[in-house]
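A.B. asks:
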Amino acid sequence: HHGFTELHQLNTFYNALNPTDQDSLNDVAGGNFLERITQDVLTIIENKSKVRNSQSKSITSQVKACDINSSSEIAKLTHVVNEQTSAMTTAMTAMLRQFQATPPPVATLSQNLGTTSKNTVQQPQPTTIR
Numbered sequence: 001h002h003g004f005t006e007l008h009q010l011n012t013f014y015n016a017l018n019p020t021d022q023d024s025l026n027d028v029a030g031g032n033f034l035e036r037i038t039q040d041v042l043t044i045i046e047n048k049s050k051v052r053n054s055q056s057k058s059i060t061s062q063v064k065a066c067d068i069n070s071s072s073e074i075a076k077l078t079h080v081v082n083e084q085t086s087a088m089t090t091a092m093t094a095m096l097r098q099f100q101a102t103p104p105p106v107a108t109l110s111q112n113l114g115t116t117s118k119n120t121v122q123q124p125q126p127t128t129i130r
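Numbered according to full-length UniProt numbering, the sequence shown terminates at residue 130, and the numbering increases by one at each position without gaps.
Given below as C-alpha cells:
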C-alpha cells in the first residue's frame, strides 16, 4: 500500500468516484460513506463490487443470447433492404435515362429595350416567353 493508511486509500478511492457512485455508496452506508469504520467501508465496497460483477455477467449473457437469436433476423432484414435499394436504384436510373432522352422545352426570355435619339435606355418592355 506504499505506506498509505487504509483510511487514506479509502478516502482517495471515494474522492475519485463520480458523484453518482459516491451517492450510491452513501446510500448503502446509510449516510456519509467515509464516516463509517474502515471494516464497514471495505465490506460495502466488496458487496457493491459483487453486485456490479453479477449484473455485468447477466447483461453479457443477455446480449449473447440476443446476438444468437437475432443474427438470422439481421440477415433477413439486410436482404430486404438490399432488394429495396436495388429496386430504387433501377427506378431512378430509368427516370434519369428518360429525362436525358427527352429534355423538357426551355422557355426563352427576351426583353425589348428601346433607345431614344439621345441614346438613353428606356424602361424595358414586358418580358415575353416564347
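Each residue gets a CB set at the ideal place from its N, CA and C atoms; glycine is no exception.
Give the C-beta separation of residue 210 and Asn11 to the nearest angstrom, bearing in mind that I take them to be a contact with Cβ-Cβ under 8 Å.
C.D. replies: Lying outside 1 to 130, the shown extent of the chain, residue 210 is not represented and no answer is given.
A.B. asks: Check this for me: beta carbons of Lys48 and Ser71, under 9 Å apart or not?
C.D. replies: no
A.B. asks: Would a C-beta distance cut-off of 9 Å place Asn18 and Asn26 closer than the cut-off?
C.D. replies: no
A.B. asks: When you compare each of Ser86, Val80, Leu7, Lys50 to Thr38 by their alpha carbons, which one comes out closest?
C.D. replies: Answer by Cα proximity: Leu7.
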